[in-house]
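> My structure is below; once you've seen it, I'll send some questions.
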Amino acid sequence: MKRNRNLIILCVFLLAGLIMPLATGASDPGFYIEVLLGGLMAGVLYSLVALGFVLIFKASGVFNFAQGAMVLFAALSVARMAEVMPLWLATLLAIGIMIAFAFIVERLVLRPLVNQDPVVLLMATLGVTYFLNGFGQAVWGSDIYEINLGIAKEPVMILQNLFQGGILINKDDVAAAVAAVVLVALLALFFQKTKTGRALRAVADDHLAAQSIGIPLNRIWVIVWSVAGVVALVAGVIWGAKLGVQFSVSQVALKALPVVILGGFTSIPGAILGGLIIGVGEKMAEVFLAPIAVKAFDLAGGGIENWFAYVLALLFLLVLPEGLFGEKHIDRV
Amino acid sequence: MKLVERMRVLAVSAGAVAAIMAVAASGPVQAQSKAKEQFFPVLPYRTGAYAPNGVPWANGYVDYLKLVNARDGGIGGVKITYEECETGYDTARGVECYERLKGKGPTGATLFQPLSTGITFALTDKAPGDKVPLVTAGYGRADAVDGTVFKWNFPLGGTYWDAADILVQHVGKIEGGLDKLKGKKIALVYHDSPYGKEPIPLLQLRAKMHGFNLLLLPVTHPGVEQKATWLQIRQQRPDYVFLWGWGVMNSAALKEAVATGYPRDKMYGVWWSGAEPDVIPAGDGAKGYHALVFLAPAGQGQVHKDMIKYVYDKGQGTGKKEEIGEVLYNRGMVSAMLGVEGVKRAQFKYGKKPLTGEQVRWGLENLALDAAAIKKLGFEGFMDPIQTTCVDHEGSHSSRIETWDGKKWNITSGTYESDSQIIKPLIKESAAKYAAEKKIPVRDCAKDASN
Chain A
1 MKRNRNLIIL CVFLLAGLIM PLATGASDPG FYIEVLLGGL MAGVLYSLVA
51 LGFVLIFKAS GVFNFAQGAM VLFAALSVAR MAEVMPLWLA TLLAIGIMIA
101 FAFIVERLVL RPLVNQDPVV LLMATLGVTY FLNGFGQAVW GSDIYEINLG
151 IAKEPVMILQ NLFQGGILIN KDDVAAAVAA VVLVALLALF FQKTKTGRAL
201 RAVADDHLAA QSIGIPLNRI WVIVWSVAGV VALVAGVIWG AKLGVQFSVS
251 QVALKALPVV ILGGFTSIPG AILGGLIIGV GEKMAEVFLA PIAVKAFDLA
301 GGGIENWFAY VLALLFLLVL PEGLFGEKHI DRV
Chain B
1001 MKLVERMRVL AVSAGAVAAI MAVAASGPVQ AQSKAKEQFF PVLPYRTGAY
1051 APNGVPWANG YVDYLKLVNA RDGGIGGVKI TYEECETGYD TARGVECYER
1101 LKGKGPTGAT LFQPLSTGIT FALTDKAPGD KVPLVTAGYG RADAVDGTVF
1151 KWNFPLGGTY WDAADILVQH VGKIEGGLDK LKGKKIALVY HDSPYGKEPI
1201 PLLQLRAKMH GFNLLLLPVT HPGVEQKATW LQIRQQRPDY VFLWGWGVMN
1251 SAALKEAVAT GYPRDKMYGV WWSGAEPDVI PAGDGAKGYH ALVFLAPAGQ
1301 GQVHKDMIKY VYDKGQGTGK KEEIGEVLYN RGMVSAMLGV EGVKRAQFKY
1351 GKKPLTGEQV RWGLENLALD AAAIKKLGFE GFMDPIQTTC VDHEGSHSSR
1401 IETWDGKKWN ITSGTYESDS QIIKPLIKES AAKYAAEKKI PVRDCAKDAS
1451 N
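From first to last, the protein sequence lines stand for chains A and B.
The first sequence: position 15 = 15 (this note's numbering), numbered continuously.
The second sequence: position 27 = 1027 (this note's numbering), numbered continuously.
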C-alpha cells in the first residue's frame, strides 16, 4: 500500500512538472508541443537501444554493456559498405555481420563463462565493448560517415492555423518512430507466435528448466544476440541517418541505461515506455528546468539533460526497485 | 584445464605480450637513441568522438616534422624525433601521456601541444615544475597570453577572447556599427567544457557594452544530442548564433539548424568549428555557414609542394595525399612549424645542438616571424606575422571570416584585429587572479626577458 501511495505521489509530482511550463504560461502551447515531440522522438531511439539490452538480459541474465558498441559497429558497417553498393545490400550484409558477431560472442565469450557469476559476464561484455569500438574504428575508420535514407532534412510545419508559427516536425523523426513501431511489432510476433520465440521465453523464465526439456541454450544465445544485433543495426541506421555515423553514437547509446533501469531489465514494454519517459523528461528538463535552476541557485550553467535522465530513473527506483515492469525479486529467508 | 597447464598458458601469454611490447618500444618510436636529436612528443587523438578533427591535425603536425627532417636535415642539423601518445581528447589520458613523454629524448620533451583546452588546463600547473613549454596555438587559456604570469604557456596566434571579440566586431559591422547591436540577440552554442566556456567572459563584457542579449546554450559532450538546444533557438530566434563546438558537435549543430529552419548564414563558428569535417557531413545544409580562420586557411602553397615532394612521393606521408591542404591539416602543419621555429630561434642563442625545454621556451618567447620569414618557410598567404615577447606570448591577434559554399571554404571578409583595449585588462585581471591563487611570482620583463 505504501509503495502504491509513493508511486502515485511520484507520478503526480512528475506530471505536475510536465505541465508546469504550460500552466504557468512559461511556454506557448506550440513550442511546448515541439519540445514534447522532440523528447518522444529521442525516446523512441533510446527505446530501440534499450530493447537490445532487455532481449539479452531476458534470455541469458547478462547485462550486455556492449549494446552501444554494437549500435556503432552495425551503423559503421552499413555506412561504409553503402559507399560501394546499394543501401539495401549493405544493410543485408551488415545483418550477416551482426549474426556472425553473435556466433563469435557465444563461442568465445559466453560459452567459456557459462555458470560464472553475473558480474564476470558483465565484465566480459565490457571487454567486448572496448574491442568492438576499437576494432570498428580500425576497420571502418573514425570519420563521420553518412547514411542516406533519401528522406528530406528540411522541417515541415503543421497546424499553422492552430498555433502561431505552427509546429515543426521532421520527416526523419517520423520515419524513425514508424520504424521503431514496426520493429517492436515484429519482435512481439516473433516472441509470441514462433517456436523459437517460445523457446526464448522459456529460457528467460528458467534456463535450467528449459535445458532439461531439450532447449539448446547455446543456440538460443546465438539467436538472441543476433536479434539484439539487428535491433542495434536499426537503431544505428536511424541515428546515423539523422546525425551521421561516428564513434559518439556508441556513447549516446548509453542513454539506454537509465531507460532499462526505469523500465525494468526484463520488460520489452518497460524499455519502450522507459525510453519515452526518459526522452521527454530530459528534453523538458533541459529546455524549461535548466534556465530556472541556473538562475535560482546561481549555477555555473551547463547542460543538464545528460544527468537528468539518471535522476529520473533513480526517482523511479526509490518507489519501484525493479523498475516499472521488472520482475519482482523475492528471496525467502 | 589443469592448474599447471593454465599456469603454462598464462606464462606463455605473458611472455608473448612482453615480447610484443619490447618490439613496439624499439620500433618506429624514434626517441630512444642518445644521438643529436630533438624530441617532439605528439599528443593526438586518432580515435574516439573527436577523431574526425583530431586525425587531420595530427597528420599535418607529424608530416611537418618529417618534412623538416627530409628537406632540411632537421633543425640546424639536429634530427627531429617524435612519439605519439593517444589522448582520445581525455584530460586524464593527456596528463598520463605528458608524464610518459616529458623525459624522453636526449634533452627531454621539446614542448607539448595537446590540442585540448581541458588537457592544457591540467598541464598548466605541471609545466613550470618540469620546465617544458606548452604551445597552444588557437586554444587553451586566454589569460595565458600574459607571459609575466604564464611563463611556460604560449597561446600563439590567437585566443578564444580574440575570436569572440572578432565575431562581435564582424556582426556589428554587418548591422552597420557596434551600436546597432543594441537589443539584438546573440546565442552562444558551446561545448560544455573549459574550451566552450572560455569565450563567455568576453562575450558578457561585450554584451554589457553594446546592449545585446547573450543567450548561453551549453551542449554536453560529445555534442550529438542538440535537439533541446535548437528548439530553444527556434523559440528565442536569435539574430546570430556563435558556434563553439568541436568534433561531431559541429556537424550535428548544422544538421539541427537545418531541421529547425535556422538560417546558416546567421551562424558563425570559432576556428575549431570551421573545417571540412564540420561541414561535409551536413551536406548542402552547411552552405552559407561562416567560421573564423585561424592562421592557415585551406589551400596549398610552396610548403605543400615540398610536402608532396619530400614526404608523400617518398611514401612517408601519414595520411591521404588528397587531404593535404585541408583546414585542419594545414593547422597541424602550422602548429608544428611554430614549435620548430621556436627551437630554431633558441639555437641562435644556445647553439645548434639538442635543446632543453627551458632553452626552447626562450626561443618561443622571442619568436619573430615576419612576412619575409613566413615566405621563406613556404607559408606565404597562410598566416599573419607572429612576434612574441616576454609580456605577450600570443604574438598575433587577427583573424578573418570564411564561408562554406558547399564545396570549399572561401575568405569573405577583411582582416580583423581583436580590440586590445577590451581584452588586455581582462587578461591582466585574470592572470593576476591566477598568480595570487597559485602564489606565482609575477615576472619583471625588464629584468627577466633574457631568461
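Heads up, the beta-carbon is just placed ideally off N, CA and C, and yes, glycines get one too.
Just so it is clear, the structure is predicted and the values come from calculations on it, not from any experiment.
#1: Name the DSSP beta bridge partners of Thr1389 of chain B, please?
#2: Assign Gly1129 of chain B to buried or exposed, taking buried as 16 or more other Cβ atoms, counted over all protein chains shown, within 10 Å of its Cβ.
#3: Measure the alpha-carbon distance for Val259 of chain A versus Met123 of chain A and round it to whole angstroms.
#4: Give a yes or no on whether 8 Å exceeds the smallest Cβ distance from Asp117 of chain A to chain B.
#5: Excluding five sequence neighbours on each side, which residues of the same chain lie with their C-beta closer than 6 Å to the C-beta of Gly281 of chain A?
#6: I need the boundaries of the beta strand (DSSP E) containing Phe1242 of chain B, first residue and last residue.
#7: Between the C-alpha atoms of Gln1038 of chain B and Gln1235 of chain B, what's the straight-line distance to the nearest angstrom?
#8: Gln1235 of chain B versus chain A: which residues are under 7 Å apart at the beta carbon?
#9: Skipping 5 residues on each side, what residues in its chain have a beta carbon closer than 7 Å to that of Tyr1050 of chain B?
#10: Could you pull out every residue in the same chain whose Cβ sits closer than 6 Å to the Cβ of Ser1396 of chain B, ignoring the five residues on either side in sequence?
#11: Taking CB distances under 8 Å as the criterion, tell me whether Phe247 of chain A reaches chain B.
#12: According to DSSP, is Tyr1089 of chain B helix, strand or coil?
#13: Does the contact criterion of 3 or more C-beta pairs under 8 Å hold for the segment 1269-1287 of chain B versus the segment 1140-1149 of chain B?
#14: To test your reading of the DSSP string, which unbroken alpha helix (DSSP H) runs of 4 or more residues are found completely within the segment 1278-1324 of chain B?
#15: Could you pull out every residue in the same chain whose Cβ sits closer than 6 Å to the Cβ of Gln1030 of chain B, ignoring the five residues on either side in sequence?
#16: With C-beta atoms as the reference, is Ile223 of chain A less than 8 Å away from Thr266 of chain A?
#17: Could you pull the start and end residues of the beta strand (DSSP E) that Pro364 of chain A belongs to?
#18: Buried or exposed: Pro321 of chain A, going by 16 or more other Cβ atoms within 10 Å of its Cβ?
#19: Please confirm if Gln986 of chain B has its CB atom under 8 Å from at least one CB of chain A.
#20: Can you check which of these residues, A:Leu37, A:Lys58, A:Met41, is closest to Ala204 of chain A by C-alpha distance?
#21: Gly1285 of chain B touches chain A at which residues, Cβ-Cβ below 7 Å?
#22: Does DSSP put Gly61 of chain A in a helix, in a strand, or in coil?
#23: May I ask you to report which of helix, strand or coil DSSP gives Phe1382 of chain B?
#24: I'd like the list of long-range same chain contacts for Gly1285 of chain B, defined as Cβ closer than 8 Å, with 5 residues on each side in sequence excluded.
#25: Quick check: Gly303 of chain A and Leu1231 of chain B, are their CB atoms within less than 8 Å of each other?
#26: Could you tell me which chain B residues have their CB closer than 8 Å to the CB of Ser142 of chain A, listed as they occur along the chain?
#27: Hey, does Asp1165 of chain B have any beta-carbon neighbour from chain A nearer than 8 Å?
#28: Quick check on this structure: which residue in B:Lys1287, B:Lys1428, B:Gln1204 has the alpha carbon closest to the alpha carbon of Asn1213 of chain B?
#29: Beta-carbon within less than 6 Å of Asp1444 of chain B's beta-carbon, same chain only, minus the 5 sequence neighbours each way: which residues are those?
#30: What's the C-alpha gap between Leu113 of chain A and Leu1167 of chain B?
#31: Got a sec: is the Cβ-Cβ distance from Ala1025 of chain B to anything in chain A below 8 Å?
#32: Might you give, ordered along the chain, the residues of its own chain that have their beta carbon closer than 7 Å to the beta carbon of Glu1341 of chain B, omitting 5 neighbours on each side?
#33: In terms of alpha-carbon separation, which member of A:Phe65, A:Tyr32, A:Val128 lies closest to Leu334 of chain A?
#34: Specify whether the segment 278-292 of chain A and the segment 1216-1232 of chain B touch according to this definition: at least 3 beta carbon pairs, one from each stretch, less than 8 Å apart.
#35: Using a Cβ-Cβ cut-off of 6 Å (strictly less than) and excluding sequence neighbours within five positions of Trp1272 of chain B, which residues of its own chain qualify?
#36: Return the residues of the segment 1244-1275 of chain B that lie within a Cβ-Cβ distance of less than 8 Å from chain A, sorted by chain order.
Checking against the coordinates, here is how it stands:
#1: Within the second sequence, numbered from 1, the residue matching residue 1389 of chain B stands at position 389. Under DSSP, no beta-bridge partner is assigned to Thr1389 of chain B.
#2: Taking the first residue of the second sequence as 1, we reach residue 1129 of chain B at position 129. It is exposed - the Cβ of Gly1129 of chain B has fewer than 16 other Cβ atoms within 10 Å.
#3: Against the first sequence, residue 259 of chain A aligns to sequence position 259. Against the first sequence, residue 123 of chain A aligns to sequence position 123. Computed Cα separation, rounded: 21 Å.
#4: Within the first sequence, numbered from 1, the residue matching residue 117 of chain A stands at position 117. Chain B contact via Cβ: absent.
#5: Here residue 281 of chain A corresponds to residue number 281 of the first sequence, with the count starting at 1. Excluding positions up to five away in sequence, the list reads Leu312.
#6: Taking the second sequence and counting its residues from 1, one reaches residue 1242 of chain B at position 242. Residue range 1240-1244 is occupied by the beta strand (DSSP E) that includes Phe1242 of chain B.
#7: Here the question's residue 1038 of chain B lines up with position 38 in the second sequence. Here the question's residue 1235 of chain B lines up with position 235 in the second sequence. Looking at the two C-alpha atoms, the distance is approximately 55 Å.
#8: Here the question's residue 1235 of chain B lines up with position 235 in the second sequence. Correct list: Phe31.
#9: As a first step, residue 1050 of chain B is located in the second sequence; it is residue number 50 there, counting from the start. Result list for Tyr1050 of chain B: Tyr1089, Trp1246, Gly1247, in chain order.
#10: To locate residue 1396 of chain B, count along the second sequence from 1; it is residue 396. Only Gly1157, Asp1384, Ile1386 meet the Cβ criterion.
#11: Indexing the first sequence from 1 puts residue 247 of chain A at position 247. True, the Cβ-Cβ gap to chain B drops below 8 Å.
#12: Stepping through the second sequence from its first residue, residue 1089 of chain B is reached at position 89. The answer is coil: DSSP assigns Tyr1089 of chain B none of H, G, I, E or B.
#13: no
#14: 1302-1306
#15: For the purposes of this step, residue 1030 of chain B is taken as the residue at position 30 of the second sequence. Annotation note: pLDDT 45 at Gln1030 of chain B (below 50); position unreliable, coordinate value reported separately. Counting only Cβ-Cβ distances below 6 Å, and skipping sequence neighbours, we find Thr1081.
#16: Within the first sequence, numbered from 1, the residue matching residue 223 of chain A stands at position 223. Within the first sequence, numbered from 1, the residue matching residue 266 of chain A stands at position 266. In this structure, Thr266 of chain A does not lie closer than 8 Å to Ile223 of chain A by Cβ.
#17: Coverage of chain A is limited to positions 1 through 333, which leaves residue 364 of chain A absent and any answer about it impossible.
#18: To locate residue 321 of chain A, count along the first sequence from 1; it is residue 321. Pro321 of chain A comes out exposed.
#19: Residue 986 of chain B falls outside the range modelled here, since chain B spans only 1001 to 1451, and no answer is possible.
#20: Residue numbering aside, residue 204 of chain A sits at position 204 when the first sequence is read from its first letter. Answer by Cα proximity: A:Lys58.
#21: Here the question's residue 1285 of chain B lines up with position 285 in the second sequence. Per Cβ cutoff of 7 Å: Lys153.
#22: To locate residue 61 of chain A, count along the first sequence from 1; it is residue 61. Three-state result, Gly61 of chain A: coil.
#23: Stepping through the second sequence from its first residue, residue 1382 of chain B is reached at position 382. Reduced to three states, the DSSP call for Phe1382 of chain B is coil.
#24: Indexing the second sequence from 1 puts residue 1285 of chain B at position 285. Cβ neighbours of Gly1285 of chain B within its own chain (closer than 8 Å, five residues either side excluded): Leu1254, Lys1255, Ala1257, Val1258, Arg1264.
#25: For the purposes of this step, residue 303 of chain A is identified with residue 303 of the first sequence, where counting begins at 1. For the purposes of this step, residue 1231 of chain B is identified with residue 231 of the second sequence, where counting begins at 1. Cβ atoms of Gly303 of chain A and Leu1231 of chain B: not closer than 8 Å.
#26: Within the first sequence, the letter at position 142 stands for residue 142 of chain A. Going along chain B in sequence order, the residues near Ser142 of chain A (Cβ under 8 Å) are Arg1046, Thr1047, Gly1048, Ala1051, Pro1052, Val1055.
#27: Your numbering for residue 1165 of chain B matches position 165 in the second sequence. Output row for Asp1165 of chain B: interface = no.
#28: Position 213 of the second sequence, counted from the first residue, corresponds to residue 1213 of chain B. Taking only the C-alpha atoms, the option nearest Asn1213 of chain B is B:Gln1204.
#29: Taking the second sequence and counting its residues from 1, one reaches residue 1444 of chain B at position 444. Residues of the same chain with their beta carbon placed closer than 6 Å to that of Asp1444 of chain B are lacking, with the five preceding and five following residues left out of the count.
#30: Walking along the first sequence from the start, residue 113 of chain A turns up at place 113. Walking along the second sequence from the start, residue 1167 of chain B turns up at place 167. About 58 Å.
#31: What you label residue 1025 of chain B is simply residue 25 of the second sequence in a count that begins at 1. Low confidence applies to Ala1025 of chain B: its pLDDT is 43, below 50, so where it sits in the model is not reliable enough to give any reading.
#32: Within the second sequence, numbered from 1, the residue matching residue 1341 of chain B stands at position 341. Taking C-beta separations shorter than 7 Å and ignoring five residues to either side along the sequence, the partners of Glu1341 of chain B in its chain run Leu1367, Leu1369, following chain order.
#33: The first residue shown for chain A is 1 and the last is 333, placing residue 334 of chain A beyond what the model contains.
#34: The segment 278-292 of chain A is in contact with the segment 1216-1232 of chain B.
#35: In the second sequence, residue 1272 of chain B corresponds to position 272, counting from 1. So the qualifying residues of the chain are Trp1246.
#36: Gly1247, Val1248, Ser1251, Ala1252, Lys1255, Val1258, Ala1259, Thr1260, Gly1261
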